[in-house]
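These notes concern the structure reproduced below.
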Amino acid sequence: MAPQYQAVTLIASPSYPNAIAWSSDNLVAVASGHIVTILNPAALDGPRGVVGLRRSDPFPIGVVNREDLFEPCLVPTCLARDAEPCARSISWSPQGFAPNSGCLLAVCTVDGHVKLYRSPIWEICDEWVQVADLSQLLFSYYKTINFGEDNGSHLTSLKNINTEETEVLGSTCELQDPLSRRDPGQRKRKPPRVDDYIYDGNKDDLDASNDADFSLKPCSKSKKKSSKKTAKHGQEPVSVNGQGSTGNSKASLSSNGGNKSLPLITAKQYACRDACLSSLVVAWSPLVSSSDKISCLLRHWCVLAVGSKSGNVYFWKLYKPEYYTIDAGVVNSDPMLIGVLQAHKSWVSAITWEVSSEGSSTSSLLLATGCSDGSVKIWLANIEGLNRCTNAEEVPFALVAKVTTDLSAPVSAISLAVPAGSQYEINLAIGRVSGSLETWTWNTCSSKIENTNACHAHDQVVKLHISLSWGMDGYCLYSCSQDNSARCWMYNGNHLEEIPVHTNFPESKESTDLSEVSDRCFGITLAPGGQMIAVVRGLDLNVLDQMYQARTQKAVVEFIWIGGQFVGIPLDRSIDVCNPQSSILSSSNFLWWGSNILWSLKKYENVEKGLALWDVVAALQGFKKYAPSFLETLMDMWISALFSGDPQCVSINAPSCSRHDMLPSVSLRKLHLLNIICRKVMLSNHVQLGPDAENGNDSKTEFWNTLLIRSERELRERLVGFTFAAVLKRTAYSFNGTSTENSWFPVGVAQMDSWVSMNDGEVHNQLKYLISRIKDLGNRINSACGYSVEETCPYCSAPVHFESADVAICRERHTLTRCRASMILCSVLQPVWHCVCCGGMVDKLPPQSFFAMQAPPLDANQDEGSLDLSGPAVPLCPFCGVLLQRSTPAFLLSTSPV
0 MAPQYQAVTL IASPSYPNAI AWSSDNLVAV ASGHIVTILN PAALDGPRGV
50 VGLRRSDPFP IGVVNREDLF EPCLVPTCLA RDAEPCARSI SWSPQGFAPN
100 SGCLLAVCTV DGHVKLYRSP IWEICDEWVQ VADLSQLLFS YYKTINFGED
150 NGSHLTSLKN INTEETEVLG STCELQDPLS RRDPGQRKRK PPRVDDYIYD
200 GNKDDLDASN DADFSLKPCS KSKKKSSKKT AKHGQEPVSV NGQGSTGNSK
250 ASLSSNGGNK SLPLITAKQY ACRDACLSSL VVAWSPLVSS SDKISCLLRH
300 WCVLAVGSKS GNVYFWKLYK PEYYTIDAGV VNSDPMLIGV LQAHKSWVSA
350 ITWEVSSEGS STSSLLLATG CSDGSVKIWL ANIEGLNRCT NAEEVPFALV
400 AKVTTDLSAP VSAISLAVPA GSQYEINLAI GRVSGSLETW TWNTCSSKIE
450 NTNACHAHDQ VVKLHISLSW GMDGYCLYSC SQDNSARCWM YNGNHLEEIP
500 VHTNFPESKE STDLSEVSDR CFGITLAPGG QMIAVVRGLD LNVLDQMYQA
550 RTQKAVVEFI WIGGQFVGIP LDRSIDVCNP QSSILSSSNF LWWGSNILWS
600 LKKYENVEKG LALWDVVAAL QGFKKYAPSF LETLMDMWIS ALFSGDPQCV
650 SINAPSCSRH DMLPSVSLRK LHLLNIICRK VMLSNHVQLG PDAENGNDSK
700 TEFWNTLLIR SERELRERLV GFTFAAVLKR TAYSFNGTST ENSWFPVGVA
750 QMDSWVSMND GEVHNQLKYL ISRIKDLGNR INSACGYSVE ETCPYCSAPV
800 HFESADVAIC RERHTLTRCR ASMILCSVLQ PVWHCVCCGG MVDKLPPQSF
850 FAMQAPPLDA NQDEGSLDLS GPAVPLCPFC GVLLQRSTPA FLLSTSPV
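Numbering that gives the first Met the number 0 applies: residue 0 is where the sequence shown begins, and numbers increase by one.
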């Protein structure tokens, strides 16, 4: 049993596999029965978020004759009974798609509905807010084209589906029913909160146009042919609602829209329509970028894939919002149905994505789909082709590989990974309900797929679902199963080698072996930094105290350190571990910890990867408390590799002047990492040192403090230089008659001018050159930026003079906060952005291009003509690079990126 970092109990138990997901902004979502629980791993004892699931009315797809109820394809539908709402599949979007630049959560329920949720940014509550009902949009689309049953329909004609396929769709399957059934009775629930309106699931709101934020406008403008059949004399049509209740047409119609009449359809038509609208699994693609066809601006978007019982996979495209806000408002980012892919002939039970560069500058999206009939397929789509899709006429996915095996057990989990150092190979892991685990390698050049390993990873006493997750760039694979086991596999030499999920950590104490009180695992997920995993287990209620525990503790989520185990990545044997500092950790553990942490920090140097490294920071904080000498050695190695040039020039014993001279050549992302490590690890004063801590650390503290001050000084100069260069470029735009409508508008130029004048003897010479050019603009500067020297106190209207870049004090001694990005006074009437790392406040957001710059803006060879101002303003701290957020009360859930 691996020592856990911490464990937290849940009030409801999961019912389906893959019930846990870790977001890129460091939130953990658990599909625990009738709710989705959202946790902050940095504050497991703190507040939680919740997505309350409610029963949705069945779609009015038609009525069938009473004698048709006994058709084989309708038997499962008629035998089904009302059950309490339950989450079947969950998936986090990439960071940046929520109004506050957070992640959206897609939830697929057991009744086949898919909805999107965001955090309650301005609602001040714990329940997450629904922003879109994709199932309603899909039903409206199918209703517009008459479910593809008209001649000439561009969708796959449902009437061409053969009888064998229909029987598969209507058959019972191991994946159909949840593992734990609940009582049919349920209490009345309040309507969920959605953006700008209250959505009442009891009302027949079947028109997606009533959604305040999202609407779907089908591109096909052809008139729908009337294909409604009238009931023959002597036949009594009935409506089948998917929950098993039947009745006469009058009764059913009264519950589905008053006096609207539904078409009379055959049993086969009903089964096919219901299968198309019954979703099973959801999965977000990685973030991709492409140029907009009209504005030629770079747009960022992703695709949500939804698998259904019909074998179709639906693709919904979402763009990042054009602006971000934490104030009450509506940020439009409409999901758009861009294609329907007939991937399988039975239930789509698993979906996963990956990005493949194929050794060229053109990237492609890989999609792997698993089916309940045991088949697995790999699809390839060109990103530019997906970007051009604006309707559901066709989707540019090509089948490139198909797994052929004698095993027919349904697929429960699949995972793709691009191995580090392998340019043309893709690793595919497949888990089946039989307990078997397979790994395949697909060669992108030869388009051949080969089986590299097949084993029974878990017990086969009962049919099991496996949850899979690749880690460390495909070096290792994590799996868990309902036999209550979680395992790690090292992928080496095209074969799997099991290694124990056991890693010692200095601060780990003896904890309860949760395998003794739990009966099955429901999912496993990896932290963004790769140093921790989270496993959700269902508790065995028979071994709990029936009075105090069994009522409220139905499941448990345990967080386990994995950084201290060898997982196959190259080891850095230069790490000094000659003198072990802990009775718990061996020299090998220190070597593995150091190599894994350095590997993770190296991955964060990529500007496309969001800075959510809480697990790395938490591990380093533990080493500071119990093994400070090892931490100093590790950080000295990291900072030496962080800077270019001679590593000795940046060691702790190096002169300060040499380090200061090297800062201008360091990339912005490396400076952000340096500030995070300095603030949260090396200079954190809340960590108490262990008994082996050394005295006399004043020189080391002074080293890190000086490095932090000079790093922030360098970042501030770059931010000021970027703003000045933006002013000059906007002026050049106006002079040339170029539109500046979509370019970033600088503010606080006058305050930055004052700051440069106050630090005239210390700032970079390039700043002095830029400010001289700005002064030459004269009155033209007012059209290029916000230039206002005079500032007044919002409390007493007294004038405020610029004396500091961080705070201001008026004549009446009111202390005011200045924006960390623009130096202007922060608003006291509107909410402002807050950085959880440095504690700074940001009122005016910097543009995305500032964080993506390759060359420093103070470089003498850098021309402002090459400056990109077309990107949107993003809520990232200019001094830490982490996601900014709104300051919330202590009783509400918040994120902890570091």
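Glycine included, C-beta positions come from ideal geometry on N, C-alpha and C. Predicted model only: the values in this text are computed from it and were never measured.
In terms of Cα proximity to A749, the closest of I448, Y732, I773 and E740 is I773. If you check the CB distance, Y318 and W300 come in under 8 Å. In this structure, M335 lies away from T403, with their beta-carbon atoms at least 8 Å apart.
Counting only the Cα atoms, F558 lies some 7 Å from V534. Here DSSP, grouped into helix, strand and coil, assigns K608 to coil. Listed as beta-bridge partners of T351 by DSSP are A367.
Contact between V719 and W754 holds: CB atoms are separated by about 7 Å, below the 8 Å threshold. Between S478 and G430, the beta carbon gap of about 6 Å places them in contact (Cβ cut-off 8 Å).
Closest in C-alpha terms to P57, from the list W592, P71, A79 and G32, comes A79. Taking W832 as the centre and dropping the five residues before and after it, the same chain places the C-beta of V841, P874 and L883 closer than 6 Å to its C-beta, in chain order. Contact between the stretch 708-727 and the stretch 750-769 is present: 3 or more CB-CB pairs across the two stretches fall below 8 Å. Residue burial is scored here from C-beta neighbours: Y794 has fewer than 16 other C-beta atoms within 10 angstroms and is therefore classed as exposed. Counting the other CB atoms within 10 Å of its CB gives T894 a total of 16 or more, which places it among the buried residues. The criterion of a C-beta distance shorter than 8 Å is not satisfied by L366 and I425. DSSP places K553 outside any beta strand (DSSP E), giving it a letter other than H or E. E604 is positioned such that its CB atom lies no closer than 8 Å to that of P663. L261 has its alpha-carbon roughly 38 Å from the corresponding atom of A412. Judged by DSSP secondary structure, K142 falls within the alpha helix (DSSP H) whose first and last residues are L133 to T143. Sorting P527, W598, E790 and L137 by C-alpha distance to the C-alpha of G609 places P527 at the top. Measuring C-alpha to C-alpha distances from V50 to each of Y15, P16 and I89 identifies I89 as the nearest.
In the three-state scheme derived from DSSP, where H, G and I count as helix and E and B as strand, Y625 is classed as helix. In this structure the stretch 278-293 touches the stretch 336-350; the number of beta carbon pairs closer than 8 Å is three or more. DSSP, read as helix, strand or coil, puts M546 in coil. Separation of P499 and D110 (C-alpha to C-alpha, rounded to the nearest whole angstrom) is 38 Å. When the Cα atoms are used, L769 and A783 turn out to be separated by approximately 15 Å.
Following the DSSP letters along the chain, one finds V827 in no beta strand (DSSP E), marked with neither H nor E. K114 has V106 and D132 as its beta-bridge partners, per DSSP. Taking C-beta atoms as the reference points, G48 and I37 count as a pair closer than 8 Å. Cβ atoms of L52 and V7 stay farther apart than 8 Å, at about 20 Å. Taking the Cα of A820 as reference, the smallest distance to any Cα among R810, D544 and K843 is reached at K843. DSSP places D518 within a strand segment (E or B) once states are collapsed to three. Sequence-distant Cβ neighbours of D614 in its own chain, meaning closer than 6 Å and more than five residues away, are A526, G528, Q530 and M531. Inter-residue distance for P896 and K623 is about 19 Å (C-alpha atoms, whole angstroms).
Taking each of S31, S407 and P93 in turn and checking the Cα distance to S14, the smallest one comes out for S31. With at least 16 other beta carbons inside 10 angstroms of its own, P855 counts as buried. With respect to the C-alpha of I337, the residue from T265, R387, I325 and S435 having the closest C-alpha is R387.
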